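As structure tokens, the structure follows; a few thoughts come after it.
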Ligand SMILES: [Zn+2]
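Residue numbers (mature numbering (1 follows the signal peptide of the UniProt record, and there is no 0)): -24 to -1, 1 to 301.
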């Protein structure tokens, strides 16, 4: 009896390993992204972020950057699961919003890029809501979701292939440990780097990333933060970069059953570090634009012009009932 119960638990655990999108950049990755972002917020955005954060965050955005992962398996929040990733057709190595952004049942706009558009649009109502005291959306949740999803869309395997659920079904060994490829990119590369190079101290790792941004990548910061032309948010660009990196680096030499060790670790770590840095810089640039206290010119848009009609803005309200802060 006990044996069969254990094997039942074992089966559940095995199943959890292969469920699509079950993981995200781990806690360390999201924390680093939001810490980096904090350093690039302008005064307006920093004030607005502080006003929207829940009390328990004590004014620290990084403290709530894994919130979306912590709640996603609660019954009440299960609808948010598909918002952490977007799957693309196998071996095409490209991403298209209209083709790819849907959940497993085919509901359109329910993916990480759709969620970034949605919560950005909600956050744009901040100044208007503040002046009229009419809050259409829960902007605390919107901020916590957006900060998390801008991180997720930069994890290459969050824009991976449909057939392997973004690497979740590719079982590999990370050195001696059995795991899956998605988990390697969420956690293992970062955890190994922490242990090997940063004395298991995440503050030192974050300082090293910040130093890289201001030294090595200083000339890239402006271009990372910009969206092309007049867009306020550009998650489609980040998703296209991610699937490209997934094909070039994540899937390469990581076939099922392979053992990934020094060669893979040392050649992929720079990719992971750059994606963490980019998402931090881009999260800050996005919040700076969304919370600009001056009214935005009317031609500014949150996407390719069709976003207003995407209708996703109201989907959550209709499913969950409008939430107010
Ligand atoms: Zn996530």
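Quick reminder that beta carbons are idealized off the backbone N, C-alpha and C, glycines included.
Keep in mind that this is a model prediction, so the values were computed, not measured.
Quiz item: Can you list, in chain order, the residues of its chain whose CB lies under 6 Å from that of residue -6, leaving out five sequence neighbours each side?
Solution: For residue -6, the pLDDT reaches just 39, beneath the cut-off of 50, and the residue's location in the model is therefore unreliable, although a value from the coordinates is still provided. The answer is none, since no qualifying residue turns up.
Quiz item: Going straight from the alpha carbon of residue 23 to that of residue 107, what length do you get?
Solution: 16 Å
Quiz item: What is the DSSP secondary structure of residue 125, reduced to helix, strand or coil?
Solution: helix
Quiz item: Taking the Cβ atom as the reference point for each residue, do residue 99 and residue 266 lie within a distance shorter than 8 Å?
Solution: yes
Self-check item: CB-CB length for residue 176 against residue 185, believed under 8 Å
Solution: Not a contact, Cβ separation roughly 16 Å.
Exercise. Answer yes or no: the CB of residue 118 versus the heavy atoms of ligand 1, is any distance below 7 Å?
Key: no
Quiz item: Measuring from the CB of residue 45, is there a heavy atom of ligand 1 at a distance below 7 Å?
Solution: yes
Quiz prompt | residue 147 versus residue 235 - alpha carbon distance | solution = 10 Å
Quiz prompt | Closer than 7 Å: residue 60 CB and nearest ligand 1 heavy atom | solution = yes
Quiz prompt | Backbone secondary structure at residue 78 - three-state DSSP | solution = strand
Self-check item: Continuous alpha helix (DSSP H) assignments of at least 4 residues falling wholly in the region 16 to 95
Solution: 19 to 28, 43 to 47, 73 to 76
Quiz prompt | Rounded separation between residue 21 and residue 264 - CA only | solution = 5 Å
Quiz prompt | Residue span of the alpha helix (DSSP H) that contains residue 9, given as start and end | solution = 3 to 14
Quiz item: So residue 203 and residue 123 are in contact, right, with Cβ under 8 Å, and what is the actual spacing, rounded?
Solution: Not really, about 17 Å apart at Cβ, beyond 8 Å.
Quiz item: Can you give the beta carbon distance from residue 258 to residue 192, rounded, assuming they're within the 8 Å contact cut?
Solution: With 8 Å as the limit, residue 258 and residue 192 do not qualify as a contact, their Cβ atoms being about 17 Å apart.
Exercise. Give the DSSP-derived three-state secondary structure of residue 193 in the structure shown.
Key: coil
Exercise. Using 7 Å as the cut-off, classify the Cβ of residue 128 as near or not near the heavy atoms of ligand 1, replying yes or no.
Key: yes
Self-check item: Residue(s) in a DSSP beta bridge with residue 245
Solution: According to DSSP, which records beta bridges pairwise, residue 245 is partnered with nothing at all.
Practice problem: Count the other CB atoms, across all protein chains shown, that sit within 10 Å of the CB of residue 228; report buried if there are 16 or more and exposed otherwise. | Solution: exposed
Self-check item: Length at least 3, wholly inside the region 112 to 178: the beta strand (DSSP E) runs in chain order
Solution: 147 to 150, 153 to 156
Practice problem: Assign residue 213 to one of three DSSP states: helix, strand, or coil. | Solution: helix
Self-check item: Spatial neighbours of residue 243 in its chain, beta-carbon cut-off 8 Å, leaving aside the 5 residues before and after
Solution: 225
Self-check item: Coil, strand or helix - residue -4 by DSSP
Solution: At residue -4 the pLDDT is 38, less than 50, meaning the model places this residue with poor confidence and gives no usable figure here.
Quiz item: Can you name the start and end residues of the alpha helix (DSSP H) that residue 104 belongs to?
Solution: 102 to 108
Quiz item: Which partner residues does residue 235 have in the DSSP bridge list?
Solution: 149
Quiz item: Quick one, which of 195, 163, 213 has its alpha-carbon nearest residue 245's?
Solution: 163
Self-check item: Where residue 227 falls: helix, strand or coil (DSSP)
Solution: coil
Self-check item: Sequence-distant residues of its chain with Cβ nearer than 7 Å to residue 66 (five each side left out)
Solution: 137, 138, 139
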